[in-house]
Each structure stands twice: as structure tokens, then as C-alpha cells.
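In this text, residue positions in the sequence shown follow the working numbering: the first is 25, and each later residue adds one. In this text, a Cβ means the ideal position worked out from N, Cα and C, and glycines have one as well. All of these numbers come straight from a predicted model, not from anything done at the bench. A short write-up of the structure that comes next.
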Amino acid sequence: MQRFNFILLTFLILVVSSSCTKETFETSVQSPSKTNTFNFFLTENGTPMYTVSHGETMVIDTSDMGFEFKDQEAFSSGFKIVNTQLDQMDETWEMPWGEQRKVRNYYNGLLVQLEEEKAPNRKLDIHIKSYDDGVAFRYEFPEQEGRDSIIITEENTQFQLTEDYTTWWIPGDWDIYEHLYNTTKLSKVDATAKRNHPDLAATYIPENAVNTPVTMRGESGIHLTFHEANLTNYAGMTLKVDTINLGLTSGLVHSDRLGYAVKTSLPAVTPWRTIQIAEKAGDLIESRLIENLNEPNKLGDVSWFTPMKYAGIWWEMHLGLSTWDLEATQDMNTFATLGKKQVSVTHGATTENTKRYIDFAAANKLGGVLVEGWNTGWNYWIGFEDREGVFDFVTPYEDYDLDELSAYAKNKGVELIMHHETSAAPRTYEQQMDSAYQLMQKHGLHAVKSGYVGKIIPKGEYHHGQWMVNHYRKALEKAAEYKVAVNAHEPIKSTGLRRTLPNEISKEGLRGQEFNAWATDGGNPPEHLPIVAFTRMLAGPIDFTPGVFDISLPTKPDNQINTTLAQQLALYVVIYSPIQMACDLPQNYEGRPALQFIRDVGVDWEQTKVLNGEVGDFVTIAREERETGNWFIGGITDENERQITIDFDFLPENTNFKAAIYRDAEDAHYQTNPEALSIEQLEIKKGDTKTISLAPGGGFAISLIK
């Protein structure tokens, strides 16, 4: 149920002339607690501009708004305000699954309606919302006389910073988000230096820009995160960096094939441009601003999907122990080295091997099994320019019996998770969507992992352009017709659409666990995830695939996991997703007491509390499991050892919890002794405190069972 309380506060109509002073054109809206203020005005020549203040501090100085179009003049100046309207919304809505059950959407809003003073008197509306955790604004193009559509070549929204913020950023790549985060001053951002990364399947960085979410910290400790919400029928936005004047400007991903960024019929709206504002880093994680800026659930009852932990045939391919394609393993002279033992490389997705994973999942409270490489076409998907028609999403390889396996899994209380690798040929996928989802429906399968590895076909399109934004949306909407939930890899960024289409359950959209197995730079450094928690995770759920226990990776002598075992456990709490993988090989969990935490930990939460944290250094998060009232805590650190003191004051009164603390042993170190783990059992109640030592690259995980 939703509770709506919509109050119309003020309706103003301002009729002004070009001779009015700037102050005449000025209007503002404050957040409910007067924490944040969005101030809008027109300059004397009719240029729309704005500022943003947090308390008495201006965080965004005078910044332009505007657009460039194909076949018509730009929106840049010559506007007058024809009316403004203030409103307020206060509602509480429920997430079907998420970081918390109930979400309050509480803001003060402002609508500014503009019109050009000269013919053809085009119109532009600006919608503004001020929240206590940030501000957001979007543009609306009303119907225009004599024009039924517009073609946008660039959006010129500026964000003028007031100081040289410390910035955590990845390049504004039009094709992929799988870059390591950089930590620099804004004035030192150099995204073009990250071109031609050898480990990326597709990358295009045309200018000095960053992708969003991008997080910054000022000298006073204030934190800003820039992103966008409700990305619908529009191009993804990067932020071009002015390192001299310390500003950001929106940069839309273009279609080289079509020669523009966005084409849309009128009326039309842009995504929301968002600025999350927090005095503590942890408040960024607790913010639900991005989801609040999306429309309510359009799917209704989605109880056909159940949040779950899962295992799967995936990690063994990255370790070189098996392959996705059957054809490559017909020659049994191919070998990998496991320790000092030579083992033959075989096709991973066989009926026999899948049963082994199903048995493991059933024995360890895992609800699903992902199987990659089950369908024909894998022998052509890498290294081929023309990948149209390569994959068949309904025909299994000859050694994979889908009928038998779906029945076997169901009998064990486990659900198969389908895998659709499109090889970045979305037209081929769209032609088969109905048949692919019908096959899933036939077998009672409700979750699919999709992939888009490689350069987009047709040539001239990019993963983050409007054409692909619309494809990702089509895949979600089509999947919903068949009661299928989608976990997209190589995706468009998350922008809160999971509120509207809750079958968007998770995404990759970052440099994931697999880079630890084969990246030429040695894998993800220890600071990676303490940055991700305050950047990428602010956009939405992440399918990071935690749970590696064999951290030294014996088949990969040049790589290892740059965390301790305790941190791998902590990630089940720190990195949110309603599906969480136990990604290691079943045999690597045998006889390991740490597996108990993976069995116990929840995936769907009543509430979330960030107990402490600093971007890039450390973070501790506590989450209460829905229905059970059990709590789970995860804490991680970067390459520095540190002590974390937990105050359990968030626990309910008069309730004792049986606690299991999984922490780094005294001699643990992510490089030299990563699997050294200590497990402590005790009772904990509200008001208790506990100090835990974290090794370099380490962490801890706590289960609190009533």
C-alpha cells in the first residue's frame, strides 16, 4: 500500500518583460527541513541558470542550462518566465525487495515554465525537487506548434563547483563502466589517459569526461554525488570536466550511425539530473533519492521472483578449468594447471556438471544455479565482427539436457537461472526474446542473466546511447510479460528504474570479481570496493559475485583475489543485491566453516544502517533481514589495517542475539595470508559494543540470529 499526501502550496504566474532585472526572474525551493535550496533565475538576456546551497554553503555556483538541436536554434537565452508553481509530496512506498522495505518520498517541488520572447516562442519547462538528501531537476519539452519531434545534439547542463573537490571517478566511457576508480582532485581528472585498456571488450572515451555516479568530498567534509534518475528514451549522460574552472557539463552519448544523441516525439522529458548531498559519507548509501525520482511500480504483484543466493557454472571458466563453448573442448589435449596437477579443460555446461552444482546449492540453502555456456553459438562470439544471428537462445548444446535439469533442480528445491549472452548483437536478441522467455516460462524459470560483451552491432551505436537504452528497456518489459527478472551485465547504468519495473533485479556495470582472475594489471586493488560502495552502489544493486574461498587462484599464477576471506564474507552485506552468488567452485567450500555465513546471510532487507565509513577507505553496514528480524553486519577496509568499534544500539530492546563473528585472524593479510580466519561465538544485545581488527585488505562479517 502507498500513502499519498500531495499538497499544492502555491501557484504563481509571472508576466515579465525583457527589461526586468535578474532579481525579478528569481525563484527558489527549499527541502522540507530547509537543508538544501535550489535557486533558479534568468539572466538579463534570458539565460536559464541556477545555484544550489546546503545550509549556508553554496555547493553549486551559477550554472547554465541549455540544449543544442539539429535543424533549429539552440536553447540558450532569450527566455522569459511565464509561470511558476510550487508543490510538496510526502508519500511512503514499499520496495518489493531492496535495502529497506519502506521508503519515504518527501520533497518540495518547483515547476518553472519558460517561453522564448521571439518567434516561434518555443517553450521549455523545468521541474525541480528539493529533498533533504539532495536536489534533482529535469527538463520537459511541451508540444510546440508546427513541430512534433526534436533531435538533440547536446545538452549543456552545467554544475559549477565551488572548490577543488577530492573526486572518485571512472572515465566517461560510452561503452563500458569496467574501469578502476581513480582518486584525484577534480582539477587532476584526466579520463583520456585511460583509453585503450587491454582488458576491456569494448571501450570508447572521446573526451575528458567521467561517468556517473561520481562522488566528491570537500574540505569541510561535505559529500556530493552526481548521477541521473529515470533514464528513459534518452542517451546516457557523462560529465565533461573543466579542470581549470572546476566545473562539470553534461555530455550525452551520441549515435555515430544516426548523427545525434536523442530523437524524441513531443511532449518529452529528460532524465532527472541529481545531486546527492551528505555531511557523512554513509548518508549517501542510505539515500533513496534515485529510486524516489522514478514512477511507481507498473508491474503489480512480482512475488513470482524470490530474492536468493545462487551458485553456478561461471567461475571455473574464468579459472581456465572449463570453457563456455563445446567446440573448443573437442580437442582433449587442452590442459590447465591446478596446483601441480594437470587437468583437461572441458565444456562447463554439461548435464552432469550442472547436477553437481544443483546438489551443492540444495545442500547449502542456495536458491538458484546459474549456467553459462549452455546454448549454441559460443564458438563464434569473440573475435568476429559480424555476430548477428550467432547465438540461439533456445537450443542447448548436445551435452546439456535442459528438460532433465529443470526437473532435477525443481525436485531439489532449486531454480535454474538462465543465461543469455547477446554478444552485443541486440537485434538478434530482440528477434528471439519471445521464444527465449517462452522457454523459461515453460520450465518455470524466473531469472535471467543477460550479457552484452563486445562492440555494439550495428556499428556506430554504443552501449550507453539512446538506441541501447531503449533496447535494455524493451528487454525488461518483454521479460516482465513472461514473469522473468533480469540481471543485466555490460548494461546501461542503473537509474532507479527498479521502482517502476521491479524485475530489474540487479546489474553488473562495474569492474567485477572476474577481473581478479585474469586482468593484466593483477586484479582489483583493496581500495576498489570501499570506493564502489560510495559510487556505483548508489545507482542500484550490484551482481558482484562474491564468495571466493580459494583466494590464491592456483590456475592463475599472476593473479589472486586482493582481499582476505573475511572480506569475501563481508561483501554479502556491504554490496547490495537481491541475488548474491557463492561464486567459487563447490569443492573449494568443502570443510570450510566460513561457508556457514553464506548459508545464513540474508538477501532481502527490512532496513539498512551504515554504521561508519569513508570513501575509498572503509565501510561498515548493518542490515535487518525481512520476516526473521535477524541482523547481519559487514565491514571492509582498503590496504590499511584498522580497528572498527561497533555500537549495537540499533538492535531492538529486550532481545538477545546469538552472534557469530567471522574476522581476520591476527596474522591475516590479503597478500601473504588471505585465508586466515577467526570465528567467535557470543551473545549480543542492544547497548553492547565490540571492537574488531581488520587486516590489510580485510573485513569482518557478523550474523545476529534471534
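Taking the CB atoms as reference points, tell me whether Glu-179 and Phe-91 lie closer together than 7 Å. Here residue 179 refers to the residue found at position 155 when the sequence shown is read from its first residue. Here residue 91 refers to the residue found at position 67 when the sequence shown is read from its first residue. Result yes, Cβ atoms of Glu-179 and Phe-91 sit closer than 7 Å.
If I follow the unbroken alpha helix (DSSP H) through Ser-430, where does it start and stop? Within the sequence shown, the letter at position 406 stands for residue 430. Start and end: 426-435.
Asn-316 - DSSP class collapsed to helix/strand/coil: Here residue 316 is taken as the residue at index 292 of the sequence shown, counted from 1. It is helical.
Looking only at its own chain, which residues have a Cβ that is under 8 Å from the Cβ of Met-73, when we skip the five neighbours before and after it? To locate residue 73, count along the sequence shown from 1; it is residue 49. The residues are Phe-64, Phe-65, Leu-66, Thr-67, Thr-86, Ser-87, Asp-88 and Met-89.
Take Ser-211 as the anchor and find which of Ala-386, Leu-270 and Pro-610 has the nearest alpha-carbon. The count along the sequence shown starts at 1 and reaches residue 211 at position 187. Of Ala-386, Leu-270 and Pro-610, the residue nearest in Cα terms is Leu-270.
Note down the Cα distance separating Phe-724 from His-203, rounded to an integer number of angstroms. Working through the sequence shown from its first residue, we reach residue 724 at position 700. Working through the sequence shown from its first residue, we reach residue 203 at position 179. One C-alpha to the other measures close to 26 Å.
Whole angstroms is fine: what's the gap from Gln-300's alpha carbon to Leu-272's? Counting from one through the sequence shown, the residue named residue 300 turns up at place 276. Counting from one through the sequence shown, the residue named residue 272 turns up at place 248. Cα to Cα, Gln-300 sits roughly 15 Å from Leu-272.
How is Lys-126 classed by DSSP in three states: helix, strand or coil? Here residue 126 is taken as the residue at index 102 of the sequence shown, counted from 1. In this structure, Lys-126 counts as strand in the three-state DSSP scheme.
Cα-Cα separation, Val-634 to Gly-658: In the sequence shown, counting from the first residue as 1, residue 634 sits at position 610. In the sequence shown, counting from the first residue as 1, residue 658 sits at position 634. For Val-634 and Gly-658, the distance between alpha carbons rounds to 10 Å.
Expected contact under 8 Å - CB spacing of Glu-699 and Leu-589 to nearest Å: Translated into positions along the sequence shown, residue 699 becomes position 675. Translated into positions along the sequence shown, residue 589 becomes position 565. Yes, they are in contact, since the Cβ atoms of Glu-699 and Leu-589 sit about 5 Å apart, within 8 Å.
Determine the extent of the beta strand (DSSP E) in which Lys-94 is found, giving its start and end residues. For the purposes of this step, residue 94 is taken as the residue at position 70 of the sequence shown. Looking at the DSSP string, Lys-94 is not in any beta strand (DSSP E), and its letter there is neither H nor E.
Rounded to the nearest angstrom, what separates Gln-109 and Thr-61 at their Cα positions? Here the question's residue 109 lines up with position 85 in the sequence shown. Here the question's residue 61 lines up with position 37 in the sequence shown. Cα to Cα, Gln-109 sits roughly 16 Å from Thr-61.
Met-240 versus His-251 - alpha carbon distance: Numbered from its first residue, the sequence shown carries residue 240 at position 216. Numbered from its first residue, the sequence shown carries residue 251 at position 227. If I take the Cα positions, the gap works out to 12 Å.
Does the separation of the CB atoms of Gly-70 and Gly-102 fall below 7 Å? Your numbering for residue 70 matches position 46 in the sequence shown. Your numbering for residue 102 matches position 78 in the sequence shown. A contact, by the Cβ cut-off of 7 Å.
Rounded C-alpha distance that separates Leu-534 from Glu-169: By one-based count along the sequence shown, residue 534 stands at place 510. By one-based count along the sequence shown, residue 169 stands at place 145. Using only the alpha carbons, I get a separation of about 44 Å.
According to the neighbour-count rule (16 or more other Cβ atoms, all chains shown, within 10 Å of its Cβ), is Glu-677 buried or exposed? Numbered from its first residue, the sequence shown carries residue 677 at position 653. It is exposed - the Cβ of Glu-677 has fewer than 16 other Cβ atoms within 10 Å.
Applying the 10 Å Cβ sphere with the 16-neighbour rule, what's the burial state of Met-356? Along the sequence shown, read from residue 1 onward, the residue named residue 356 stands at position 332. In this prediction, Met-356 scores a pLDDT of 47, lower than 50, which makes its location untrustworthy; no coordinate-derived value is stated.
C-alpha gap between Gly-722 and His-495, whole angstroms: As a working mapping, residue 722 is identified with position 698 in the sequence shown. As a working mapping, residue 495 is identified with position 471 in the sequence shown. The alpha-carbon atoms of Gly-722 and His-495 are separated by roughly 40 Å.
On the criterion of 16 or more Cβ atoms from any shown chain inside 10 Å, does Ile-441 qualify as buried, or is it exposed? In the sequence shown, residue 441 corresponds to position 417, counting from 1. Per the 10 Å Cβ criterion, buried.
Going by Cα to Cα distance, which pick from Ile-105, Thr-288, Lys-517 and Lys-436 is closest to Gly-260? Numbered from 1 along the sequence shown, position 236 holds the residue referred to as residue 260. Looking at the Cα atoms, Lys-517 is the closest of the given residues.
Taking 7 Å as the threshold (C-beta atoms), are Cys-607 and Gly-571 in contact? Counting from 1 along the sequence shown, the entry for residue 571 is found at position 547. Counting from 1 along the sequence shown, the entry for residue 607 is found at position 583. Cβ distance < 7 Å, so Gly-571 and Cys-607 count as in contact.
Checking 7 Å against the spacing of the C-beta atoms, do Arg-171 and Val-293 come in under that value? The residue you call residue 171 lines up with position 147 of the sequence shown. The residue you call residue 293 lines up with position 269 of the sequence shown. Taking 7 Å as the Cβ cut-off, Arg-171 and Val-293 do not qualify as a contacting pair.
Compare the C-beta of Val-159 against all C-beta atoms of chain C and say whether one is closer than 7 Å. Protein chains in the displayed structure number just one, and chain C is not present.
Inter-stretch contact at 8 Å, needing at least 3 Cβ pairs: the segment 333-351 / the segment 183-195: no
Residue burial classification, Gln-705 (beta-carbon count within 10 angstroms, cutoff 16): Numbered from its first residue, the sequence shown carries residue 705 at position 681. Exposed, because fewer than 16 other Cβ atoms sit within 10 Å of the Cβ of Gln-705.
Taking only runs that begin and end inside the segment 43-116, name each unbroken beta strand (DSSP E) of 3 or more residues, in chain order. 51-54, 60-66, 72-78, 81-88 and 91-93
Check whether Phe-539 and Gly-546 have beta carbons under 7 Å apart: To locate residue 539, count along the sequence shown from 1; it is residue 515. To locate residue 546, count along the sequence shown from 1; it is residue 522. Contact flag unset, no.
The alpha helix (DSSP H) that contains Phe-329, what's its start and end? Counting from one through the sequence shown, the residue named residue 329 turns up at place 305. Unbroken run through Phe-329: none, as it is neither H nor E.
From Asn-107, Lys-153, Glu-97 and Ala-217, pick the residue whose C-alpha is nearest to that of Ala-143; which is it? The residue labelled residue 143 in the question sits at position 119 within the sequence shown. When each option's Cα is compared against that of Ala-143, the closest is Glu-97.
Buried or exposed: where does Pro-291 fall if 16 or more other Cβ atoms within 10 Å of its Cβ makes it buried? Counting from 1 along the sequence shown, the entry for residue 291 is found at position 267. It is exposed - the Cβ of Pro-291 has fewer than 16 other Cβ atoms within 10 Å.
Thr-715 to Ile-729, Cα distance in whole Å? Within the sequence shown, the letter at position 691 stands for residue 715. Within the sequence shown, the letter at position 705 stands for residue 729. In a straight line, the C-alpha of Thr-715 is about 19 Å away from that of Ile-729.
Close-in-space but distant-in-sequence residues of the same chain around Ser-717 (CB under 6 Å, 5 per side omitted): For the purposes of this step, residue 717 is identified with residue 693 of the sequence shown, where counting begins at 1. So the list reads Gln-667, once near-sequence residues are dropped.
Helix, strand or coil: how does DSSP classify Arg-451 here? In the sequence shown, counting from the first residue as 1, residue 451 sits at position 427. Arg-451: helix per DSSP, three-state reduction.
Check the DSSP bridge columns for Ser-717 and list the partner residues they point to. Residue mapping note: residue 717 aligns to position 693 of the sequence shown, counting from 1. Its beta-bridge partners are Gln-667.
Report yes or no: do the segment 577-586 and the segment 482-501 share at least 3 C-beta pairs separated by less than 8 Å? no
Quick one: Cα of Val-493 to Cα of Ala-217, how far? Locating residue 493 in the sequence shown gives position 469, where the first residue counts as 1. Locating residue 217 in the sequence shown gives position 193, where the first residue counts as 1. Rounded to the nearest angstrom, the two C-alpha atoms are 27 Å apart.
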